Structures are given as C-alpha cells and as structure tokens.
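When the letters of the sequence shown are read in order and numbered with my numbering, they come out as residues 161 to 791.
Each remark here refers to the structure printed beneath this line.
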Amino acid sequence: MQITSFKQYEEDYKKSVENPEQFWGEVAQNFQWRKPWFKVLSWNFQEPNIKWFEGAKLNITENCLDRHLATNGDKPAIIWEPNNPEEESVTYTYKMLHERVCRFANVLKRNGAKKGDRICIYMPMVPELAIAVLACARIGAVHSVIFGGFSAKSIADRINDSQCKLVITADGAYRGSKQIPLKDVIDDALIGCPTVEKCIVLTHVRTPVSMLKGRDVWWEDEVKHVNDICEAEEMDAEDMLFILYTSGSTGKPKGVVHTCGGYMVYAGYTFSNVFNYQPGEVYFCTADIGWITGHSYIVYGPLSQGATSLLFEGIPTYPTPSRFWDIIEKHKVNTLYTAPTAIRSLMSFGEEPLQGKDFSSIRVLGSVGEPINEEAWHWFDEKIGHGKAPIVDTWWQTETGGIMISPIATVTPTKPSFATLPLPGIQPILVDENGKEIEGNGVSGNLCIKFPWPGMLRTTYGDHERCKQTYFSAYENLYFTGDGCMRDEDGYYRITGRVDDVLNVSGHRIGTAEVENAINMHAGVIESAVVGYPHDVKGQGIYAFVINPEMHGEAELTKKDILQTVTRIIGAIAKPDKILFVSGLPKTRSGKIMRRILRKIAEGETTNLGDTSTLLDPAVVEEIIEAAKKI
Ligand code: PRX
C-alpha cells in the first residue's frame, strides 16, 4: 500500500477517483477485520449520510496491537520522553503496550464502563494517555480527549454535551518549569457534571490532590485488581470510535465524531504513505494527543502500521531551546512532525541551540496545523533536514480524520509553503462565493471536497443538523472546509487560511465568538469583538476590541481581569494578545459588527479600510484607529 514513485502516485490517484470503492477496498485489505464488509461505500452529502465498509466488524486495537505481537512484539511501540531530560525515558514494546492496554481496559470495565459509553480523558502527555485511549477503544467505549490547556468550564461543557460516565485524569502535568493541576481542574469541572460516576486518577507529578469518596480511584490501585486478559470488543465499522471537540464560528465547540473502520483505514494509509515510514524507524510527532494530530499520528496511524511512535511531555524550549534536537540525537529520530509555530519559536533562538547536534538520522520532516511561511520552511529544510529530508506540509482538519493534501515523502516534489497535491481518494475543488467551481490553474477560492473519504467525520455529537449546516450546506453536494486556497500554475495547492470566523493561534483552532462570549462574561464589559492579526511566532494573534465604560483610570487592571476571565472560561490558550478598550464598535445599521474593518486595524492599517459608508457611526472608526496606535 506504500507509494514509491510519482508515477505510481498518479496511477493510484486516477484509480481512486475513477473507482473509489475498488481503491479503498484494496487498501482496507491491509488491515485486520473480524468480518468483511458487504459494501465499501454508501453516501450522500445532503443529509449527510456516509458509511464506509458497511457490515464489517473489527476492533482498532487488534490492528494497533494484537496483530503485531507475533512478529514485532519486542519492537518499541511507544518511546516516552519526560518533561525533565534528567529523568529516564520509557519504552513500551508492542507486547508491553498490549498488556497495559488490556489491563487498563479491565479497569474501565471494573468501574462500570461498557461499549458505547463516553469517557472523558484529561491527561498529561504520558504513555498512560495512549493506554487510556486504546483501552477505551478495546472495550468499545467512546473516548473524548480534552487538551490539558482547557479550563474547568470548557471541560464541563464537553462532558455534559456527550454525557460522559467516566473521567480519566492525573494529579497533574508538567509543562516546562510549570505544573498544571489537572485533578483540581477536573474537581471544579465535575461539580457541574451529573453524569460522571467515576474518576480514575493517575499519579504523575505527585502533588497532593483530594479524592472524592465513591467517585475517585487511583489508577495504580485499580490495575492491581485486574488481570491483563481482555478480549477486544467486536465493533461495527460505523460504530463510534471517538469524539473530539473543536471550535467553529459559533460560540459552542462541536463534538466531531469519527467511526472505527474508515478512520482506521484512513489514519493508517496516510501515515504509511505521507511519511514513507520504514520498518524500524523512530517517528516523533510533537503534537498533543488532545488534538486530532495526536489521535491520528501519535496513536492510531503509527501503531496500526507497527511503527515506533515517540511521545513527549513538555515544551520545545524547556529546559533549553535544544530540547527537540537533543531528543532527535538521543533516540536517532528519523521523522520529525511538528508545527510551524514551534519552528518559528525555535528559529528565534538563532544558531546556538543547533550547534554540535546530530541530525544525521533525520530522513523526513513534517509540518501541520497552519500555513508554514517560506522563511520557516527554508530554515526547517536547511538547519534540520540539511537539505536532504523532504518536508511534508500536511493540510487537514479535525473533521477530516487524516491528512488530505500533502506531499508524499520521497515521491512528490515539494515547494515551500505548498501542501502540494491531494492524496489518493481526495477530490478537492475550489469554488467562488456562489458555489461555482473555479477551474484551471493559477486561481484561488474556497476549498471544498466533492467526494467522501474513509476518515471523514460522520456527524457532530448529539446534533446532526449542526454537522449538516456547518459542513454540507454552504455549497450543494460539497464538504466545505472553511479554508481559502490557491491552486498555482502547476496545480499545486496552497492553503491561505480560514475564511470563516475561526482563528488559528499557534496551530490551535479558536472561534472568535467563543473568545467574545468569554470576554463578555466579565462584569465590566458591555460588548467585544475579536479578530486575528498576523503574529510572528503564533501565526495569528488574538486582538480583542472591548467596550468598557470604566476605561479611564484602572484600564490595566481590567485588562488583567479580562485575561483571567478568558482563562477561566476557555483556558489560557485563548487569552487575547492585545486588548483595546473602545467606546463603540463599527456596526452596520442592522447592528452587525464589521469585522473586516477591525481586522484591518488589527493589522496596522490606518487608511485603506474599504467602504465605511454603511456604518451607523463612521466616527467610531477614527477613534479606534487613534487608540490602536497607542498599544
Ligand atoms: O486552517 C487549516 C489549518 O488548521 C485547520 C484545522 O485545524 P484543526 O482541526 O485543529 O486541525 C489541525 C491539525 C490537522 C485547517 O482548517 N491547517 C491545518 N494544516 C494546515 C493548515 N493550514 C495550512 N497548512 C497546513 N498544512
């Protein structure tokens, strides 16, 4: 199933478009099924209703674990690098990981979990996080992993939306020199979560925590009460595998739903091809399992292919900005998959952290999460890849389950800041505002996908209508990505960024409406408007325009209060980089905020603001421009 030449890519692509069912049916043969499908695909984008590998039975953990035992049982499945480099790294072979997953799956059962139950996971980047995820899949429970940077309120909203029965967490997490009190945050969240019956707590940072009688149990105690034999639950290809919440243009995050069969095939196929993974290689993805990249390309994709996946707790700059390079040298990493924001941040430290580091093991480099600017691309290529490692700039989304548009390492000629070409099975199309296809090359438009692929979302949890409205209603018969895109003279795709009200801050998706709602919770705020602006390291920064009647005098104090409010309501990742107090916002006569103007002001533009004649009060723009000059 691995593509080894550009000619083969072209042939496979052609086949995947002309005969998708045959193509994916053949790819799926590389996985282990308990029972085969009777139909590869049935679909319509109107409802939408998408089914892949209908009738097939499987358990994804048998593909990620059991099937490797006979031949690769002693091969490392997971290598864990701790936050503090002085601590030992940990290696789990496939045999060990299988044993741990089965044991913990039994712990879940012992605590009342069964097939179909939703389980919230809020954990540090430790091997036990991967174990928890796989243990859920083993028993057919649906995991909902929440990134460790979200607040108690965000967690509670997500837990309640999917009525989780169980929570798996840890006492705390390390993040560079800081400790995050995960269990305290969970305790606050669970005050408002009536569906949660049990909370399993892993000891990690050894900080004291309070344990609620009857609800909270220790991971370490529980595993002593069970054995390590756990038959995998037989799942239908279209049974739910996980929910992952992501931000959109409304205030409320959506629970993107992925199912077992199609997701497995897609994550495994794309992992093997995009990174050109070779047996025995060490693959290092720096993402967090709390995001889709971690789900698909730390856990399911690599493990389904019997790869060695390196997992890291911490940040790229702790204890020094050489951290990644030390890990590469220590573990002889062959593939590094990271985010442009991390690259830009590490670039800013100059050459010194790179001195004397051994990059000779590096064969493939990858980028994900946001557009990679040319400067960062070249730095990555020259300093880390030494001009010899192809960079795969992988474009995809939580909703797509896996990589969609990307070079295939060693196969596709790359071009700085281009995601290049669609993978086999992916049929991108650019449309104008009216949904009319923009054909030919050297054009730009809104990026849509016109045919289903196995890894695509099936619904948004508990609200299918929302899924339809968000992704399938903007343009008839198309999946709308929310991204703008250009196709150059060579037919190569370059993603230009979101065209909706979603920000991409350090590769994290944040809805402007979400941040506004959070800011508006502050008692002193009347109204706010949030836009993105170009930020050297984060890609996009958050700029908040806030109407505050008490703006004179204690403004600084109030800004701090607003930051605290956002941290409490969403989490530190959504804190505005800039707050500007204003007396009014530019609104149309019908009361709509003209964000276009605010975006320009946030970008530093003072003259070319476009048409302001439809504004209710054009004078407010002048006032905002003057105020913006001062911050
Ligand atoms: O705008 C695109 C951007 O990230 C969005 C998806 O975010 P999320 O669901 O959090 O998933 C991130 C990891 C897959 C997209 O709509 N994006 C992702 N990858 C790229 C990108 N923009 C440009 N180039 C990329 N390679």
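Backbone N, C-alpha and C fix where the C-beta goes; we use that ideal spot for every residue, glycine too.
In this text, all values refer to a predicted model and were calculated from it rather than measured experimentally.
- Remark: C-beta atoms of residue 270 and residue 405 do not approach each other more closely than 8 angstroms.
- A direct Cα-to-Cα measurement between residue 325 and residue 349 gives close to 14 angstroms.
- Distances between the C-beta of residue 427 and the heavy atoms of the ligand PRX are all 7 angstroms or more.
- Within the model, the alpha-carbon separation for residue 237 versus residue 253 is close to 5 angstroms.
- Per DSSP, residue 653 is one residue of the beta strand (DSSP E) stretching across 653-658.
- The beta-bridge partner set that DSSP reports for residue 700 consists of 694.
- Counting the other Cβ atoms within 10 Å of the Cβ of residue 562 gives 16 or more, which makes it buried.
- The beta carbon of residue 642 sits closer than 7 angstroms to at least one heavy atom of the ligand PRX.
- Across the structure, residue 208 and residue 257 are spaced so that their CA atoms are roughly 37 angstroms apart.
- Within its own chain, the residues whose Cβ lies closer than 6 angstroms to the Cβ of residue 467, once the five positions on either side in sequence are excluded, are 437 and 443, listed in chain order.
- The beta-carbon separation of residue 351 and residue 377, rounded to 19 angstroms, does not stay under the 8 angstroms limit for a contact.
- Fewer than three pairs of CB atoms, one per stretch, sit closer than 8 angstroms, so the stretch 459-479 makes no contact with the stretch 517-531.
- Comparing alpha-carbon positions, the option among 738, 587 and 779 lying closest to residue 764 turns out to be 738.
- Under DSSP, residue 199 forms a beta bridge with 214.
- Contact between residue 262 and residue 390 holds, since their C-beta atoms are separated by about 4 angstroms, short of 8 angstroms.
- A direct Cα-Cα distance of roughly 12 angstroms separates residue 363 from residue 334.
- Placement of the Cβ of residue 579 at a distance of less than 7 angstroms from at least one heavy atom of the ligand PRX is found.
- Distances from the CB of residue 556 to the heavy atoms of the ligand PRX include at least one below 7 angstroms.
- Here the alpha carbon of residue 728 sits roughly 6 angstroms from the alpha carbon of residue 311.
- In this chain, residue 236 is not harboured by any alpha helix (DSSP H); it is covered by the beta strand (DSSP E) spanning 236-241.
- With a cutoff of 7 angstroms, residue 733 does not count as near the ligand PRX, since its C-beta is closer than that to no heavy atom of the ligand.
- C-alpha of residue 708 to C-alpha of residue 686: approximately 6 angstroms in a straight line.
- Scanning the stretch 719-769 for uninterrupted alpha helix (DSSP H) segments of 4 residues or longer gives 755-762, listed from N- to C-terminal end.
- DSSP, reduced to helix, strand and coil, places residue 228 within a helical segment of the structure shown.
- Taking 7 angstroms as the cut-off, the C-beta of residue 576 does not count as close to any heavy atom of the ligand PRX.
- With contacts defined as CB atoms closer than 8 angstroms, residue 340 and residue 308 qualify as a contacting pair.
- According to DSSP, residue 280 shares a beta bridge with 304 and 327.
- Counting other Cβ atoms within 10 Å of its Cβ, residue 642 reaches 16 or more and is therefore classed as buried.
- Residue state for residue 448 is assigned as coil, using DSSP reduced to three classes.
- When the alpha-carbon of residue 473 is set against those of 464, 465 and 458, the nearest one is in 458.
- Close CB contacts of residue 418 within its chain, under the 6 angstroms cut and outside five residues either way in sequence, are with 401, 402 and 561 (chain order).
- A Cβ-Cβ contact shorter than 8 angstroms links residue 588 with residue 653.
- In the DSSP secondary-structure assignment, residue 432 is not bridged to any residue.
- The closest heavy atom of the ligand PRX lies 7 angstroms or more from the beta carbon of residue 660.
- The C-beta of residue 243 has 16 or more other C-beta atoms within 10 Å across all chains shown, which makes the residue buried.
- Remark: the shortest separation between the CB of residue 655 and any heavy atom of the ligand PRX falls under 7 angstroms.
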